[in-house]
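Engineer: Position 250 (the sequence shown) corresponds to 253 in the numbering used here; numbering is contiguous. Note that the Cβ used here is the ideal one computed from N, Cα and C, for glycine as well.
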Amino acid sequence: MVKLKNYNVVLKHFGLLLTFLFMVSCGHQQYNVTKIEGKKIGITDKLGEVSEIDKFIKPYKDTIDKDLNQVLAYCPETLDKSKGEWQTNIGCFLADITLEKSNIIYEKRENQKVDICFLNHGGIRTIIPKGNVSARNAYEVIPFENSAVVVSLKGEQILEIINYIIAEKKPHPLAGMTFTIDKNGVAKNIMIQGKAFDNDKSYNVATSDYLSNGGDNMIFFKKCTKRVDTDYKLRNLLIDYFKEVDTLKINHDIRITKEQ
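1. Buried or exposed: Asp256, going by 16 or more other Cβ atoms within 10 Å of its Cβ?
2. Determine whether the beta carbon atoms of Ala151 and Ser105 lie at a separation below 8 Å.
3. Which of the three DSSP states, helix, strand or coil, is assigned to Val53?
4. Would you call the stretch 126–136 and the stretch 187–201 touching, i.e. three or more CB-CB distances under 8 Å?
5. May I ask which residues mark the beginning and end of the alpha helix (DSSP H) holding Asp243?
6. In the DSSP output, which residue or residues are listed as bridge partners for Asn207?
7. With distances taken from CA atoms, which of Arg258, His124, Lys261, Glu55 is nearest Glu171?
8. CA-CA distance, Pro174 and Ile60?
9. Once you ignore the five residues that flank Ala178 on each side, which residues in its own chain have a CB closer than 6 Å to its CB?
10. Out of Ile165, Glu148, Glu143, Ile67, point me to the one whose CA is closest to Lys261's CA.
11. Give me whichever residues DSSP pairs with Lys191 in a beta bridge.
12. Can you tell me the Cα-Cα spacing of Leu240 and Phe224, whole angstroms?
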């Protein structure tokens, strides 16, 4: 005798299983990228692509070239970062301008003055030749998008900056501070804005946003007690200075001396 009741139960379960499998098979499937392939397609002039591209960008290029090549001022001497042991004329020039321009903004916002400017030697990418200067020169010297930042540092961090300069033995751009390196390689006669260095005092230092974040191993900047972003690109402050003067002012004051 066939047990219909058990048969119906099995049939019912089988139907549920088929329904479940059908729903799963119709559900959303997830796909994962396992490989990406590509190839370089060169632009040749076989079909006139280059000439067509040149024709398309020419109006934009002409406008940009006109703005970049406009004479803004005159440079009385070639500014070169390769000439100088502890300082260079271009390094001092850039540090002076950065301190001056940053101070205008910082004084308005914080009612305080910027005491020092310290930048990096490697950030200067080329010379400023003697003769007419333009915005193009600023773009060539400072091609990066770095902005000026003012950080407040304790006296011990100022000493770290000095020790960094001595250890690096590179003419990093410096303004607002002078010192002498004695025969033992130790700094003495440290002066900031014409006054003797006070280890218990806090000083405001202008630099780039890259360096303020510890770039070039300048970790002393990350120990700042206050940071103010000027939102003023180093390149733009240089261009603005070009526009304001007839002839660039090159300061040859000695900032770092070494005992023999």
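Structural biologist: For this structure:
1. exposed
2. yes
3. helix
4. no
5. 237–247
6. Ser155
7. His124
8. 41 Å
9. Ala98, Asp99, Leu102, Cys120
10. Ile165
11. Thr183
12. 22 Å
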